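Enquirer: Numbering (this note's numbering), first residue to last: 2 to 220. For glycine and all other residues, C-beta sits at the position ideal for the given N, C-alpha and C. Predicted model only: the values in this text are computed from it and were never measured.
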Ligand code: ADP
Ligand code: ADP
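1. Could you check whether residue 44 and residue 11 sit closer than 7 Å to each other, using their CB atoms as the reference points?
2. Around the C-beta of residue 37, are 16 or more other C-beta atoms found within 10 angstroms, so that it is buried, or is it exposed?
3. Is there contact between the stretch 81-88 and the stretch 121-140, where contact requires at least three CB pairs shorter than 8 Å?
4. Between which two residues does the beta strand (DSSP E) harbouring residue 67 extend?
5. Give me, in chain order, the residues of the same chain whose beta-carbon lies closer than 7 Å to that of residue 190; leave out the 5 immediate sequence neighbours on both sides.
6. Evaluate the contact criterion for the stretch 24-35 versus the stretch 197-204: three or more CB pairs, one atom per stretch, below 8 Å.
7. If you draw a straight line from the alpha carbon of residue 120 to that of residue 58, how long is it in whole angstroms?
8. Please output, in chain order, the residues near ligand 2 using a CB cut-off of less than 6 Å to any non-hydrogen atom of the ligand.
9. According to DSSP, residue 2 sits in a beta bridge with which residue or residues?
Below you can see the structure in the form of structure tokens.
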């Protein structure tokens, strides 16, 4: 269980980006957090990922308090952030250095197959389209089988067709190990397509406004 208990973030310039934010996300649940720009969505994801510490309040994953980046928590950003000096396959296997080479290769091959990029294993990131690069980023984030995967506007930079395609790939890969997903997006339709539950953040920084259950079936 991922738990945020009264998480407050005040930046040094006194902007109160999160105010007593409380949220529990069950294992395997897909929660979308929607809200306008500036309402604290990225701040929230940085707190959950351990990239930034809250001013007050705690983020728990099971029995652990998250205070720094953690192997059980993966993150996908709007841009793929692939390492340009590594091939596609090396990028996907980057977080698996601790595994024996055969297992690493097998997991990478499987993940690339799932995102339809088996034929791109040996190419450099600069040779990929934006959508292909983001598919590699999804594979890389899921291949270590994190308990929680955070997604910060992961499809916003893509055209509508590519976005739909990637949502399918994400759900496909998610089904392998069913991690908890926390998706931040300004795209309400995307939230409805992907999420079990939608949390709306108000423009007033960090205030949780309303929760609705998405009752549409996933594609
Ligand atoms: P209250 O005075 O009861 O906290 P609110 O309108 O602030 O009234 O909150 C109503 C509900 O929404 C409560 O269950 C509260 O926990 C939740 N809530 C409000 N704001 C937030 C927030 N920023 N983060 C998480 N939960 C919130
Ligand atoms: P969102 O992702 O919803 O657009 P952010 O979490 O990026 O919102 O920002 C929430 C608020 O915190 C905004 O008012 C923003 O200007 C402010 N903010 C974000 N990052 C910083 C920072 N590093 N220093 C100061 N203020 C920040």
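Expert: Once the coordinates are examined:
1. no
2. exposed
3. yes
4. Unbroken run through residue 67: none, as it is neither H nor E.
5. none
6. yes
7. 46 Å
8. 12, 14, 16, 18, 36, 38, 39, 40, 41, 42, 43, 44, 206
9. Looking at the DSSP assignment, residue 2 forms no beta bridge with any residue, so it has no partner.
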